[in-house]
Amino acid sequence: MTPKPLIQLSGVDKYYGDYHALRGIDLTINEGEFFSLLGPSGCGKTTLLRTIAGFEGVSGGTLMIDGKNMAGVSPNLRPTNMVFQSYAIFPHLSVAENVAFGLRKDPRSKEEKAKAVAEALEMVGLGGYGNRAAHALSGGQRQRVALARALILKPKVLLLDEPLSALDKKMRELMQVELIRLQRQVGITFILVTHDQEEALVMSDRIAVMFEGEIGQLDDPETLYRRPNSKRVAEFIGKMNFLDGTATAEGNRIAVDVAGLGKGDIAADQAPGGMPLGKVTVGIRPETLAIVFEGETTDRRICDAVVDEVVYYGDMTYYDVKVPGVDKPLTISMKNMIGRPVLDVGALTRVAWDERSLVVLAA
Amino acid sequence: MRGNGGGLRVYAVAYLIFLYAPIILLPIFAFNDATIIAFPLAGFTTHWFDELWTTKALHEAVKNSLMIAFATSVLATTLGLCAARAGAMADFPGKKGIIGFVMLPLVLPDIIVAVSLLIVLRQVLDLTLSNWTVIAAHVLLCTPFSIAILNGAFQNLDPSMEEAALDLGENRWSAFRLVTLPLVMPGIISSMLIAFTISLDEFIVAFFLTGSNPTMPVYIWGLLRFPASLPIIMALGTILVALSVVLLTIAEYFRRRGLKRAGLKDTGGFL
Ligand SMILES: Nc1ncnc2c1ncn2[C@@H]1O[C@H](COP(=O)(O)OP(=O)(O)OP(=O)(O)O)[C@@H](O)[C@H]1O
Ligand SMILES: [Mg+2]
């Protein structure tokens, strides 16, 4: 099934006075997709979402939803609904009245509407809560009401602005799973704004990473994690060790010389930002490095190291190790297993690395 | 430490006596069976209240004042509502300056406001003084209070409430009517009551701008020339104090209820 574009932005600019909040955003979001906007605080995620919802006009470029140009179309006439960061549950209404709020102009009979409300509440796991006063709900319940209130209108797009940031960790993880389930169930396009990279990786079909009003990279979670196209994306998503190196082209492969580790010969797609040559930055994820414990053997490349720092997480241990010739300590994450000791600071050890896990980035 | 607390307690008691003693004198002499306001008391009577019932001119003055107070409370609250909403939600150049400017009458001396209004109304606009000129002036005096109260109500209001209503298919007006208005309603009631109270007992501006029929405070001032009517004024004063206390209590009740309904902590209100 070829994806059908639902939202198309081309060259969208947004100014707040002199401040350039969105800088020529080109973006296509498909029907039925779980799409995330990820980025550091102030990069323009909320602005972009509010532009799609119609709360902010665009200063330049065009925004199309479902084939129609949205210029001058007010939020109430757009096929979008929003779950606000504060949830914006109306405190003077009951839960059922909140959910039924968008049905005021719906021509269906009272009974049919009540049934739709009950179904919507059932869907978000709040069956039987209809008569509760909205101001007496917990954070997680408010969020479910906000979801039901938006989804009952069967929008083409559901916009969610950091919907999980007000919840505690347990509740957040629970709601992540619930949201994925809900999105599959209703098949509506979800656009999620978040500054939590883990949340974006867990939930999304595709992620746009934004920096200062621009999209730095747009990819599926795995590509984004394994092949970040720039240092800032690599820094923002997960942990990454950065080393100096030099790269030379050899056909469609690249020969890299990584300071302190040695030479490697890598495929061109390991330089997703294009083929930078000369002085480069080489990224290595902590989990692609390994401590070679006493008595273990490996067919990977090996170098000597000294343990500089140990952080024990229960299931994992993070080591910072010093490798001769590498200016900063390298972070390595190791799964804790039976028979595998946790090393002490100062211990001499060996580190295994693999050229296939190197990512070559512009210096 | 103890001595310190004791000193403060004495101060607090003295302060309260200073503040309330004159007001307590009102009911005492309103029920005192003597024309002269002096101790010792002469005995209990409700005669002065009976006199209130039979004074036609007073009834006219009270009716005037109530009409003026009601019109003032509605107009000032409407203006306050617009200003507070703009202050809370809209963004326009010079917003802070304009809001500050609107609040200025709060600190201007009443006498200055009264004199300048008189000049504007009589000399510049050449209007005849009537209840409407008093209402206009009272609206000017009360609007800053209304804005202050309603600002509180809007500050407690999540700006995304109205946006959520828009998002769910309402237009700007119906979103305001269905969501914002009910949520700031306690503030509106509280603002109306306070504007009503201020207008009802306002003297200086009314004295300058009143037409042929005086408001109640102006009428009372007129009575003061006749020593024999002093106890009547005491009786009237007693009723007014009771009324003011009741109105302000109701206003405060609605303000607190509004906070509670929005699930917010009390951040020190108007009273
Ligand atoms: N109404 C506004 N007027 C002026 N500047 C604004 C306005 N709204 C947002 N901005 C600015 O635009 C930039 C982007 O804001 P936006 O709210 O989109 O960021 P964000 O990515 O959602 O950040 P966060 O993660 O903190 O919510 C910020 O620098 C912000 O200060
Ligand atoms: Mg935001």
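Sequence lines, in order, name chains A and B.
Going by this note's numbering, the first sequence opens with residue 36, and the numbers climb by one from there.
Going by this note's numbering, the second sequence opens with residue -15, and the numbers climb by one from there.
Just so it is clear, CB atoms sit at the ideal spot from N, CA and C, and this is done for glycine as well.
Note that the coordinates shown come from a computational prediction; the quantities given were computed from them, not determined experimentally.
Residue i CB to nearest heavy atom of ligand 1 below 7 Å
i	result
Y50(A)	no
S76(A)	yes
Y54(A)	yes
H127(A)	no
H230(A)	yes
Any non-hydrogen atom of ligand 2 within 7 Å of residue i CB
i	result
V244(A)	no
T81(A)	yes
D196(A)	yes
V358(A)	no
Partners in chain B for residue i, counting only beta-carbon separations shorter than 8 Å
i	result
K140(A)	G153
G137(A)	L152 and G153
P110(A)	E147, L150 and D151
L188(A)	L152 and G153
Residue from the options with nearest C-alpha to residue i
i	options	result
L41(A)	Y347(A), G318(A), I250(A) and I223(A)	I223(A)
F28(B)	F15(B), F187(B) and R240(B)	F15(B)
L59(B)	L232(B), H122(B), N135(B) and R239(B)	H122(B)
Q120(A)	A181(A), A340(A) and D379(A)	A181(A)
V256(B)	G(-9)(B), F54(B) and R(-7)(B)	There is simply no residue 256(B) to check, as chain B begins at -15 and stops at 255 in what is shown.
V134(A)	A294(A), F277(A) and N166(A)	N166(A)
G374(A)	E331(A), G92(A) and E322(A)	E331(A)
L162(B)	K370(A), L128(A), V341(A) and D304(A)	L128(A)
R113(A)	A88(A), P126(A) and F136(A)	A88(A)
F180(B)	L227(B), P211(B) and Y203(B)	L227(B)
G79(A)	P376(A), D101(A), D196(A) and V152(A)	D196(A)
H43(B)	R241(B), L208(B) and Y203(B)	Y203(B)
V293(A)	L172(A), D389(A) and D379(A)	D389(A)
L9(B)	T39(B), T62(B), A149(B) and V225(B)	V225(B)
D61(A)	M99(A), G313(A) and G77(A)	M99(A)
D231(A)	M210(A), L72(A) and Y353(A)	L72(A)
Y348(A)	V341(A), C338(A), V358(A) and V377(A)	V377(A)
P263(A)	L365(A), G77(A), R177(A) and L396(A)	L396(A)
V386(A)	D343(A), P359(A) and C338(A)	C338(A)
Within chain B, partners of residue i - CB distance below 9 Å
i	result
P307(A)	The premise fails here: P307(A) is roughly 37 Å from chain B at the closest Cβ pair, so nothing lies under 9 Å.
R184(A)	A148 and L152
P114(A)	Those within 9 Å of P114(A) in chain B number zero; the least Cβ separation is about 11 Å.
M1(A)	Chain A is shown from 36 up to 398; residue 1(A) falls before or after that span and cannot be answered.
Within chain B, partners of residue i - CB distance below 7 Å
i	result
F90(A)	E147
Nearest-angstrom Cβ-Cβ length linking residue i and residue j, presumed shorter than 8 Å
i	j	result
N318(A)	N276(A)	Before going on, a small fix: residue 318(A) reads as Gly here, not Asn. Sure, about 7 Å apart at Cβ, within 8 Å.
G81(B)	I131(B)	Not really, about 15 Å apart at Cβ, beyond 8 Å.
F238(B)	S174(B)	5 Å
W32(B)	M218(B)	7 Å
I187(A)	A155(A)	4 Å
F191(B)	W205(B)	7 Å
A98(B)	I188(B)	5 Å
A406(A)	V130(A)	Here chain A comprises residues numbered 36 to 398, so residue 406(A) is not present and cannot be evaluated.
E234(A)	L199(A)	7 Å
L113(B)	T39(B)	Rounded, the Cβ-Cβ distance is 23 Å, inconsistent with contact.
Beta-carbon neighbours of residue i, restricted to chain A and to distances below 7 Å
i	result
S264(B)	Since the displayed chain B opens at -15 and closes at 255, residue 264(B) lies outside it and no answer follows.
D142(B)	S121 and A123
L134(B)	None at all; the shortest Cβ gap to chain A is about 17 Å.
V163(B)	F125
Beta-carbon neighbours of residue i, restricted to chain A and to distances below 8 Å
i	result
P287(B)	No answer is possible for residue 287(B): the residues shown for chain B start at -15 and end at 255.
L65(B)	Within chain A, no residue comes near L65(B); the closest Cβ sits about 17 Å away, beyond 8 Å.
P166(B)	H127
(request) Report yes or no: do three or more beta-carbon pairs, one from the region 211 to 220 of chain A and one from the region 50 to 66 of chain A, lie closer than 8 Å? (result) no
(request) Examine the Cβ distances between the region 223 to 235 of chain B and the region 63 to 82 of chain B and report whether three or more of them are shorter than 8 Å. (result) no
(message) I'd like to know if the region 262 to 274 of chain A and the region 326 to 342 of chain A are in contact, where contact means that at least 3 CB-CB pairs between them fall below 8 Å.
(response) no
(message) Check whether the region 89 to 100 of chain A and the region 255 to 262 of chain A are in contact - that is, three or more C-beta pairs closer than 8 Å.
(response) no
(request) May I ask you to verify whether the region 218 to 237 of chain A touches the region 192 to 199 of chain A, counting CB pairs closer than 8 Å and requiring at least 3? (result) yes
(request) Check whether the region 32 to 47 of chain B touches the region 204 to 219 of chain B, counting contact only when three or more Cβ pairs, one atom from each stretch, lie closer than 8 Å. (result) yes
(request) Pair every Cβ in the region 130 to 145 of chain A with every Cβ in the region 142 to 154 of chain B, then say whether three or more of these pairs are closer than 8 Å. (result) yes
(request) For the region 236 to 251 of chain A and the region 366 to 386 of chain A, state whether three or more C-beta atom pairs, one from each stretch, are separated by less than 8 Å. (result) no
(message) Taking contact to mean 3 or more Cβ pairs, one atom from each stretch, closer than 8 Å, check whether the region 88 to 100 of chain B and the region 39 to 50 of chain B are in contact.
(response) no
(message) For the structure I just gave you, are there three or more beta carbon pairs, one from the region 278 to 287 of chain A and one from the region -8 to 12 of chain B, closer than 8 Å?
(response) no
(request) Check whether the region 67 to 87 of chain A touches the region 104 to 112 of chain B, taking contact to mean three or more Cβ pairs, one atom from each stretch, closer than 8 Å. (result) no
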